[in-house]
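Protein chains in written order, with this note's numbering: chain A, 121 to 271; chain B, 270 to 565; chain C, 48 to 162.
Only one structure is covered here, and it is reproduced in the block below.
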Amino acid sequence: MDDLEISVSSSRQIPVISEEGIVLARQAGREMSAALGLSGTDQTLVVTAISEVARNIILYAGRGVVELEVTTGPNGYGLRIRAVDEGPGIADIELAMRDGYSTGRSLGLGLPGARRLMDDFSITSEPGQGTTVTMVKWGGTAVPVVEGASP
Amino acid sequence: MSTTQSAAATTALAAIPRNQLMLFWKVYEERYDEVSARATEELLALPEFAALASQITEEETAVRREATRLMLNQGVDTGSWEAYAENLVAQGEMYGEMGVSFVSWFKAVGVVRNVILPHLVTAFGESTDDLVEGVLGMDSFFDVAMATIGNAYLVKKESTIKVQQDAIRELSTPVLPLREGMLVLPVVGVVDSHRAHQLTQDLLEAIRRSRATVAVVDITGVPSVDSKVANHFIQTVEAAKLMGTTVILTGLSPAIAKALVTLGVDLTKLNTVGDLRGGVEEAERILDHRVSQIGA
Amino acid sequence: MAVPILRQGDILLVTLQGDLGDADWAQMTDHLLDRVAERRTRFAVLDLSVVDVLDSFACRTIVGLTHMVALRGSTMIVAGIQPNVAFAMVQLGATLPGVATALDLDHALTLITHG
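See the structure below:
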């Protein structure tokens, strides 16, 4: 009997144009981090971080895309997440990265939170030119099968 | 893994030109007992070998020496080095496991080369060609031997360190189900971010498994508690609270608590009791009353 | 996705399943508040034991819902947050201040009968 093979492509793009996109991005994140062999805890961290940055896209740009890609580093595989939008951009990144929740603001940016959840984190943003948030979670052990490769 | 190591050593030894090996072995074998004893003496003098030195008997040493000699003989005579190669790997692994420093064993084992060289000169002094070939044989042989031992040493050392670290981590954070509904987590040793996260995850998983409603986390054994460590424990407490479990933190001295408050750490988030026994008593009170403040 | 809400006397039980989108949360919130209002309801238990992620939006929603339920004279208890989810929440900085929590449905009911 043939085993059911679940192949995960090494990169996926999820358009985020409504709040349903946030759910799709989360699900894609769950699938890819599971396929990469990340621990249950790390999977949850990844999915939560994706939710935060995807939500940011909707809140501040209206639309964008979440790119998930398997990446390799000195200690193995990782999942790289890029949240890209062409929104208004962040004027003061440092300010944006300061925690808002401690001052009681309910609409604090999810960025500082997402950074705490991930291993690597960086933002590039220019007012008027959109924002790209890049974050990586390392610790993958499974080798991802490239979609289309014969079993 | 050690089979690939010994296979590599076997190949390398077999690649040494036979005539070179034979010239070298001729001299080495004549002096074998003496040279071997010197090397053993150097090794057993190392502090890490103190325990072993007291246990190992003269007879045992002699037997091992003879066994190695036979392996070497077989290698030189027949070109079949498997047994000796495995011996080299086992040697390296032993040094790694015992925590001997690289320099220590390297020097001790290297004594053999220093002892043999003058004898080679004496034996072949007349014939320069033979001397050169003999020395080449010796050098090639020792290059392979040292590299094989060294590699096995490193591999074993790395895995030993990891095993030790895991063991220390395990030992220092056992989660003890003291009574139904109560967990005790005595924390000993330095707590860095990585360990703090591990602790939190272990505690949360233990809470889920044992269905505990109170956990006593004792940090008497944590040498220094700065604001970073304190915040880690606050996170642990908050995470447990999300699962409906009250965490009582014990072993935080009043002096440290005061210092933390001065640093701006919000200790009101922590339920602290002086010592472990006090913490357990408090936990029992909570369990007995089955009181959990709703909306706190 | 309709979230099932069951009534047991003066206790409501809401079991969330899977991954909820914003609209699902809003729907559940409205539905629960209606059910709380329809009859005397002392407690509303939100069972999250099958939920594998709670982001900052979900946490804000839960906190808001707790207050709205309280305004209608009931107490909400959040039960069954999983270890991984609890860990992610504190890392994120999104805890549930002022919300009563329980390990699971069983503990929630114990809390209700003995608390």
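Each residue gets a CB set at the ideal place from its N, CA and C atoms; glycine is no exception.
Neighbourhood of residue i by C-beta distance below 6 Å, restricted to the same chain and skipping five residues each side
i, result
"N540 of chain B", "I517"
"A234 of chain A", "A169, E172, V173"
"A475 of chain B", "V444, L452"
"P455 of chain B", "D487"
Alpha-carbon spacing of residue i relative to residue j, whole angstroms
i, j, result
"T113 of chain C", "L152 of chain C", "17 Å"
"V414 of chain B", "P130 of chain C", "Per the sequence shown, residue 414 of chain B should be read as Ala rather than Val. If you take the alpha carbons of A414 of chain B and P130 of chain C, they lie about 51 Å apart."
"A306 of chain B", "V378 of chain B", "11 Å"
"L536 of chain B", "P446 of chain B", "26 Å"
"R132 of chain A", "V530 of chain B", "47 Å"
"L227 of chain A", "K425 of chain B", "For L227 of chain A, the predicted structure reports a pLDDT of 44, less than 50, and the residue's modelled location is therefore unreliable. The matter cannot be settled from this model."
"V97 of chain C", "D66 of chain C", "9 Å"
"Y297 of chain B", "L313 of chain B", "21 Å"
"V460 of chain B", "I385 of chain B", "51 Å"
"L53 of chain C", "V432 of chain B", "50 Å"
"V132 of chain C", "L423 of chain B", "39 Å"
"T417 of chain B", "H463 of chain B", "35 Å"
"E317 of chain B", "L357 of chain B", "19 Å"
"H558 of chain B", "T482 of chain B", "12 Å"
"M217 of chain A", "L80 of chain C", "35 Å"
"Q64 of chain C", "L95 of chain C", "7 Å"
"N288 of chain B", "A352 of chain B", "21 Å"
"L521 of chain B", "K497 of chain B", "14 Å"
"K527 of chain B", "S493 of chain B", "14 Å"
"M270 of chain B", "A354 of chain B", "Per-residue confidence for M270 of chain B stands at a pLDDT of 45, beneath the threshold of 50, marking its modelled position as unreliable; the derived number appears in the next sentence. Spanning the two alpha carbons is a distance of roughly 13 Å."
"T157 of chain C", "I124 of chain C", "12 Å"
"L231 of chain A", "A524 of chain B", "36 Å"
Any chain B beta carbon closer than 7 Å to residue i
i, result
"H114 of chain C", "no"
"L150 of chain C", "yes"
"T108 of chain C", "no"
"I159 of chain C", "no"
"I58 of chain C", "no"
"T62 of chain C", "no"
"V50 of chain C", "no"
Contact under 7 Å by Cβ, residue i with residue j
i, j, result
"A135 of chain C", "T254 of chain A", "no"
"R150 of chain A", "V167 of chain A", "yes"
"A155 of chain C", "A126 of chain C", "yes"
"L290 of chain B", "G406 of chain B", "yes"
"A484 of chain B", "V534 of chain B", "no"
"D57 of chain C", "R82 of chain C", "no"
"A73 of chain C", "R119 of chain C", "no"
"L60 of chain C", "V100 of chain C", "no"
"T519 of chain B", "G490 of chain B", "no"
"I285 of chain B", "S396 of chain B", "no"
"E366 of chain B", "T429 of chain B", "yes"
"G198 of chain A", "W258 of chain A", "yes"
"R175 of chain A", "E189 of chain A", "no"
"I81 of chain A", "V204 of chain A", "This structure cannot speak to residue 81 of chain A, because chain A is shown only from 121 to 271."
"D399 of chain B", "L292 of chain B", "yes"
"T148 of chain C", "G513 of chain B", "yes"
Interface flag, residue i vs chain A, CB-CB below 7 Å
i, result
"V100 of chain C", "yes"
"A135 of chain C", "yes"
"D77 of chain C", "no"
"G127 of chain C", "no"
"S103 of chain C", "yes"
"G140 of chain C", "yes"
Close-in-space but distant-in-sequence residues of the same chain around residue i (CB under 7 Å, 5 per side omitted)
i, result
"R546 of chain B", "none"
"A277 of chain B", "none"
"T469 of chain B", "Q504, T505, A508"
"T330 of chain B", "T309"
"R225 of chain A", "Unreliable positioning characterises R225 of chain A in this predicted model, as indicated by a pLDDT of 42, which lies under 50. The coordinate reading is nonetheless provided below. None."
Chain C contact for residue i (CB, 7 Å cutoff)
i, result
"P135 of chain A", "no"
"V143 of chain A", "yes"
"T251 of chain A", "no"
"V256 of chain A", "no"
"R132 of chain A", "no"
"T261 of chain A", "no"
"A508 of chain B", "yes"
Other residues of its chain near residue i: CB distance less than 8 Å, five sequence neighbours each side excluded
i, result
"P247 of chain A", "P208, G209, I210, A211"
"L150 of chain C", "A126, G127"
"D102 of chain C", "L139, A141"
"T192 of chain A", "G198"
Practice task
May I have a chain-ordered list of the alpha helix (DSSP H) segments no shorter than 4 residues that lie completely inside the region 190 to 223 of chain A?
Solution key: 213 to 216
Practice task
Please specify which runs of the alpha helix (DSSP H), each continuous and at least 4 residues long, are wholly inside the region 121 to 176 of chain A, giving them in chain order.
Solution key: Segments of the alpha helix (DSSP H) lying fully in the region 121 to 176 of chain A: 139 to 155.
Practice task
Starting from the N-terminal side, write out each stretch of the beta strand (DSSP E) that is 3 residues or longer and does not extend beyond the region 357 to 418 of chain B.
Solution key: none
Practice task
Please specify which runs of the beta strand (DSSP E), each continuous and at least 3 residues long, are wholly inside the region 423 to 483 of chain B, giving them in chain order.
Solution key: 445 to 448, 451 to 457
Exercise for the section: Can you check the region 482 to 553 of chain B for any beta strand (DSSP E) of at least 3 residues that lies completely inside it and give the ranges in chain order? Expected result: 483 to 490, 515 to 519, 540 to 542
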